[in-house]
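Engineer: Dumping the structure here so I can ask a few things about it.
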Amino acid sequence: MSKTRRMCYAALLAAMYVPLSLYVAVQVGNVRISFGSLPVVVSALLFGPVEAVAVAMVGEFFKQLLTYGLTYTTALYLVPPALRGLVVGLGAALALRRGQRLEERRAACYAVCVLAAICTTVGNTGVNWLDSVIFGYYTPALIFGDLVWRLVVGMINALVMASLAMPLIRVLRKRNAVSGL
């Protein structure tokens, strides 16, 4: 696949990130359940860590702009979604080195997506802590009080996204719509 075509697919996935994060989401207290991670997981499984990190960071940047505007900490909030793309992308690349695509190894794909969700949640907690210190609203209960709940929800969300991504990628590959890793 040409670099131009890969870049176009990455741009489409980044564009999908925004509405899936903002409009196909439920906010319960400090916990957000959304489909925003689906384009990141798809790009990671199709193209690897570089494109997945780009999709996550570009998508999250526009989400942050639309939600909060440009602030001192906007760049920090790009890191946790990028961690998801990095972890899943590295898992996909490692699986390919072993001779099989990650989405074909269901248990491994679920495990990698759950690990990525844990990294993303821990990263979000760290960024929330830093944001709270910078802007002066830090309280341990606000930042760490629902961490266990957010980890559980993140892992469940990761299982759902992996369950959606695996058949989607199989269909895309079968129809020769994309070729990546």
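Counting from 1 along the sequence shown, just add 38 to a position and that's the residue number in this note's numbering. Quick reminder that beta carbons are idealized off the backbone N, C-alpha and C, glycines included.
If V216 sits next to Y47, beta carbons under 8 Å apart, how far is it from one beta carbon to the other, in whole angstroms?
Structural biologist: Position 178 of the sequence shown holds residue 216. Position 9 of the sequence shown holds residue 47. That belief holds up - the Cβ atoms of V216 and Y47 are roughly 6 Å apart, short of 8 Å.
Engineer: Could you tell me if T158 is buried or exposed, where buried requires 16 or more neighbouring beta carbons within 10 angstroms of its beta carbon?
Structural biologist: Position 120 of the sequence shown, counted from the start, is the residue given in the question as residue 158. Classification for T158: buried.
Engineer: Given a cut-off of 7 Å, decide if G123 and V160 are closer than it, judged by their beta-carbon atoms.
Structural biologist: To locate residue 160, count along the sequence shown from 1; it is residue 122. To locate residue 123, count along the sequence shown from 1; it is residue 85. Contact flag unset, no.
Engineer: Tell me where the beta strand (DSSP E) around A63 begins and ends.
Structural biologist: Along the sequence shown, read from residue 1 onward, the residue named residue 63 stands at position 25. A63 -> beta strand (DSSP E) spans A63 to V66.
Engineer: Contact check, G97 vs Y55 under 8 Å by CB: the rounded distance?
Structural biologist: In the sequence shown, the residue the question calls residue 97 occupies position 59. In the sequence shown, the residue the question calls residue 55 occupies position 17. Right, the Cβ-Cβ distance comes to about 3 Å (below 8 Å), so this counts as a contact.
Engineer: Quick check on S40: does DSSP put it in helix, strand or coil?
Structural biologist: The sequence position of residue 40 within the sequence shown is 2, counting from 1. S40 falls in the coil class under three-state DSSP.
Engineer: With DSSP run on the structure shown, which of helix, strand or coil describes V216?
Structural biologist: The residue labelled residue 216 in the question sits at position 178 within the sequence shown. Coil.
Engineer: If you count every other CB in all the chains shown that lies within 10 Å of the CB of P178, and 16 or more means buried, which is it?
Structural biologist: Numbered from 1 along the sequence shown, position 140 holds the residue referred to as residue 178. By the neighbour-count rule (16 or more Cβ atoms within 10 Å), P178 is not buried but exposed.
Engineer: So, L114 versus G129, is the Cβ gap smaller than 7 Å?
Structural biologist: Numbered from its first residue, the sequence shown carries residue 114 at position 76. Numbered from its first residue, the sequence shown carries residue 129 at position 91. The answer is no: Cβ separation not under 7 Å.
Engineer: CA-CA distance, L116 and N214?
Structural biologist: Here residue 116 corresponds to residue number 78 of the sequence shown, with the count starting at 1. Here residue 214 corresponds to residue number 176 of the sequence shown, with the count starting at 1. Linking L116 to N214 through their CA atoms gives a straight-line distance of about 32 Å.
Engineer: Please go through the segment 129-199 and give each complete alpha helix (DSSP H) segment of 4 or more residues, from N-terminal end onward.
Structural biologist: Unbroken alpha helix (DSSP H) stretches of 4 residues or longer found wholly inside the segment 129-199: 144-173 and 178-182, given in chain order.
Engineer: With 16 other CB atoms within 10 Å as the buried threshold, where does I172 fall?
Structural biologist: As a first step, residue 172 is located in the sequence shown; it is residue number 134 there, counting from the start. Exposed, because fewer than 16 other Cβ atoms sit within 10 Å of the Cβ of I172.
Engineer: Alpha carbon to alpha carbon, what distance is there between E142 and F182?
Structural biologist: Taking the first residue of the sequence shown as 1, we reach residue 182 at position 144. Taking the first residue of the sequence shown as 1, we reach residue 142 at position 104. In this model, F182 and E142 are separated by some 36 Å (Cα to Cα).
Engineer: Would you mind giving the Cβ-Cβ distance between L83 and V126, rounded to the nearest angstrom? I have them listed as a contact below 8 Å.
Structural biologist: The residue given as residue 83 occupies position 45 in the sequence shown. The residue given as residue 126 occupies position 88 in the sequence shown. With a Cβ gap of about 7 Å, L83 and V126 count as contacting.
Engineer: Please classify I207: is it buried, with 16 or more other beta-carbons within 10 angstroms of its beta-carbon, or exposed?
Structural biologist: For the purposes of this step, residue 207 is identified with residue 169 of the sequence shown, where counting begins at 1. Its Cβ being crowded by 16 or more others within 10 Å, I207 is buried.
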